[in-house]
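Residues in the sequence shown are numbered from 3 upward in steps of one, following the working numbering.
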Amino acid sequence: MLFKFSLRAKYIICPPFIWAFPSIINSDISRETFNHEEIERIDINQGVPITIKIMTMTSELRRRTKLREQNVRPQMSSKKHKHSRKEFSIQTSLLCLILSGTILTLFGILYIDSIPWHIGTFVIDKVAFNFGYHKPIYAVVIDAGSTGSRVLAYTFHESYIGSNLVLDKELFKYNKVGLSSFVDNPNEGAKSLQVLLEEAKKEIPQKYWSNTTLLLKATAGLRLLPAKKAENLLQSVRNLFELYPFMKGPNSVEIMDGTDEGIYSWFTVNYLLNRISANPSYTVAALDLGGGSTQVTFAALAPSSLRHKDRLHFAPSPRGNIPVYTHSFLGLGLKAARHAILTHNQGNSTHIISECVNHIITDQKFIYGNQVYYVSGPKEKFLTKQTNSNNIYLGEEVPVVNMVKCASIIRNFVQKNSKPPEELPNKVIYAFSYYFDKAAEAGLIDPVTGGSVTLFDLKAAATDACQYPNVDQPFLCLDLSFIAILLENGLGLKPETPINLFKKINGHEISWALGAAYDSLRKDIHLINT
3 MLFKFSLRAK YIICPPFIWA FPSIINSDIS RETFNHEEIE RIDINQGVPI TIKIMTMTSE
63 LRRRTKLREQ NVRPQMSSKK HKHSRKEFSI QTSLLCLILS GTILTLFGIL YIDSIPWHIG
123 TFVIDKVAFN FGYHKPIYAV VIDAGSTGSR VLAYTFHESY IGSNLVLDKE LFKYNKVGLS
183 SFVDNPNEGA KSLQVLLEEA KKEIPQKYWS NTTLLLKATA GLRLLPAKKA ENLLQSVRNL
243 FELYPFMKGP NSVEIMDGTD EGIYSWFTVN YLLNRISANP SYTVAALDLG GGSTQVTFAA
303 LAPSSLRHKD RLHFAPSPRG NIPVYTHSFL GLGLKAARHA ILTHNQGNST HIISECVNHI
363 ITDQKFIYGN QVYYVSGPKE KFLTKQTNSN NIYLGEEVPV VNMVKCASII RNFVQKNSKP
423 PEELPNKVIY AFSYYFDKAA EAGLIDPVTG GSVTLFDLKA AATDACQYPN VDQPFLCLDL
483 SFIAILLENG LGLKPETPIN LFKKINGHEI SWALGAAYDS LRKDIHLINT
């Protein structure tokens, strides 16, 4: 339809204009400010003129419109001010950003030595990992220890920045028969590892088998064997490895030096604690008590450590090599020490009477080096008055271990085979393996989560174990006494020294195997990149 407007109205506001600017009508201009004028509408279908009313602008509306137009200029000026403030805000933000970046750069320059390597790459590495930019890197390590064999299958990825290896997960399985137990039957010894290798195959996707590093490192159990017999065992393992699709090298199967065992254990603890930085003072000391030997390793900072050139070595790290003091005491492992202490003044007899075993223990079987021993306590009772927790005499005497005689035997043995490193007592100390196991057995720590004790706590636990006979733990008195004397007289710790005892850190096993895997893979990556 078409509209024909009369010319009597000077200003005509048609509906489309009103709809487009509803604020004019709805704000401060009421309908009374409009005049109603009539117009003719011609219906094109019928040709009949129709009269309708429209609103015309009155003089009052014209006045208000003029005022409104005058107000536009201040508003435009206000918008310019807002725009100016916005520009100022952006400039201020940029200035703050530049200043913050400068401060962070200066902080990095001044304190870079104390920042663990993983912190600087964590965020970017996490994003890259989530977007699938990482490829897994695998390594399988068999720890052929004196008291059993363990397989650890590690899954790493290479960090997006810095080419550092980041541990994602691990498989841990073990058996309780040491490889050295098969000294006269090496083929059976190799077969004992098959179950562990099959578990590793299940853990690693088949397409990565050919690129997965496979290692076996034997420790004190094989170090103590005659060279020819040890080599026969190793050759049987090499033959077994040829049946598996993993990557092998000329040194994949070998007896590991005690120095490497200490260095790799130290690396594992500090790596899992995220303590490795360019500043060695942020690292902790690692004490590893195995069955045949014990290792002590820490970052060498004091002159007393640095002058022992024969005990100074370099440990691998994401920040480069770190100089460490390390020493392995062959024969001071828990089982080796127990054997030496029990057979003190016994000659070649396999029936042993020991001052470090309670009188009530008779013919307790102990196997060491494929030899079976039968251990008993002294025939004559060493009695003591039994008291309660308030030191009140209970009216009876009980047989106990003669702590004076037992401690004297142990102390002479330890001091003859060790020399305390002067710097160690000043370190934060982490101890594991049999240190952890025996403290948990004595109830000093939680057997799952671990905890912290002092040397004083260990000595008190040893005293209790020797005073309260327990046929289910026949060697606990001897073992705890040995550990306490080793830490005090052999390593020079003070009674109040805190000792952190853990089996796992952040869900990962504390084992030198992690350090060995990292070192091997790091060398492989270096060769690939060069």
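In this text, a Cβ means the ideal position worked out from N, Cα and C, and glycines have one as well.
In this text the structure is predicted, and so the values were computed from the model without any measurement.
What are the start and end residues of the alpha helix (DSSP H) that includes residue i?
i, result
"Val-402", "Counting along the chain, Val-402 falls outside any alpha helix (DSSP H), and DSSP gives it neither H nor E."
"Ala-444", "Segment: none, Ala-444 is in no alpha helix (DSSP H) and carries neither H nor E."
"Leu-198", "196-205"
"Phe-484", "478-487"
"Ala-280", "Here Ala-280 belongs to no alpha helix (DSSP H), and DSSP marks it neither H nor E."
"Ser-306", "305-308"
"Gly-349", "From DSSP, Gly-349 is part of no alpha helix (DSSP H); its letter is neither H nor E."
"Glu-190", "188-193"
Suppose contacts are defined by Cβ-Cβ distances below 8 Å. Is residue i in contact with residue j by that definition?
i, j, result
"Leu-289", "Ala-433", "yes"
"His-315", "Thr-328", "yes"
"Thr-157", "Asp-170", "yes"
"Ser-151", "Leu-181", "yes"
"Leu-291", "Glu-511", "no"
"Gly-371", "Leu-332", "no"
"Ile-278", "Ser-307", "no"
"Tyr-376", "Lys-383", "no"
"Phe-269", "Ala-287", "no"
"Leu-460", "Leu-482", "yes"
"Glu-256", "Thr-221", "no"
"Ala-519", "Val-143", "yes"
"Val-406", "Cys-468", "no"
"Ser-254", "Leu-218", "yes"
"Leu-457", "Lys-421", "no"
"Leu-478", "Ala-444", "yes"
"Leu-226", "Val-185", "no"
"Leu-303", "Glu-425", "yes"
"Tyr-210", "Pro-305", "no"
"Leu-480", "Ala-463", "no"
"Phe-415", "Ala-338", "no"
"Leu-336", "Asn-419", "no"
"Arg-313", "Ala-280", "no"
"Asn-347", "Arg-413", "no"
"His-136", "Glu-160", "yes"
"Val-298", "Pro-423", "yes"
Since I believe residue j is in contact with residue i (beta carbons under 8 Å), could you give me their beta-carbon distance rounded to a whole number of angstroms?
i, j, result
"Thr-215", "Leu-523", "6 Å"
"Ser-148", "Asn-189", "With 8 Å as the limit, Ser-148 and Asn-189 do not qualify as a contact, their Cβ atoms being about 20 Å apart."
"Ile-324", "Pro-282", "5 Å"
"Gly-517", "Ser-267", "7 Å"
"Lys-501", "Ser-454", "According to the sequence displayed, residue 501 carries Ile and not Lys. Indeed, because the Cβ distance is near 7 Å, the residues count as touching under 8 Å."
"Thr-261", "Ser-356", "Actually they are not in contact, since the Cβ atoms of Thr-261 and Ser-356 sit about 33 Å apart, beyond 8 Å."
"Glu-201", "Lys-175", "5 Å"
"Pro-427", "Thr-499", "6 Å"
"Thr-364", "Ser-351", "With 8 Å as the limit, Thr-364 and Ser-351 do not qualify as a contact, their Cβ atoms being about 15 Å apart."
"Ile-265", "Val-326", "6 Å"
For the ligand FMN, is there a heavy atom less than 7 Å away from the beta-carbon of residue i?
i, result
"Ser-330", "Annotation note on the ligand FMN: not contained in the displayed structure, which lists no ligands."
In this structure, what does DSSP give as the bridge partners for residue i?
i, result
"Ala-232", "Per DSSP, none; premise fails for Ala-232."
"Ser-151", "Ala-146, Asn-177"
"Ser-319", "None; Ser-319 has no bridge partner."
"Pro-325", "Phe-316"
"Glu-172", "Tyr-156"
"Thr-456", "Pro-500"
"Leu-167", "Glu-160"
"Lys-506", "Glu-511"
"Phe-300", "Tyr-327"
"Asp-290", "Gln-297, Phe-434"
"Leu-332", "Ser-295"
"Tyr-520", "According to DSSP, Tyr-520 bridges with nothing at all."
"Ala-141", "Tyr-156, Thr-215"
Quick check on the DSSP output: the beta strand (DSSP E) that includes residue i runs from which residue to which?
i, result
"Tyr-273", "Counting along the chain, Tyr-273 falls outside any beta strand (DSSP E), though it belongs to the alpha helix (DSSP H) covering 260-274."
"Pro-500", "500-503"
"Lys-219", "215-220"
"Lys-367", "366-370"
"Ser-378", "373-378"
"Ile-343", "Premise fails: Ile-343 lies in the alpha helix (DSSP H), 336-344, not in any beta strand (DSSP E)."
"Glu-256", "255-257"
"Ile-362", "It is not in any beta strand (DSSP E) - Ile-362 carries neither H nor E in the DSSP assignment."
"His-353", "353-355"
At least three beta-carbon pairs within less than 8 Å, the stretch 432-450 to the stretch 497-507 = Cβ pair count under 8 Å is three or more, so yes.
Would you say the stretch 234-248 touches the stretch 486-500, given that touching needs at least three Cβ pairs under 8 Å?
-> Under the three-pair Cβ rule at 8 Å, the stretch 234-248 does not count as touching the stretch 486-500.
Does the stretch 461-480 come within contact of the stretch 355-365, defined as at least 3 CB pairs closer than 8 Å?
-> Verdict: yes, contact present.
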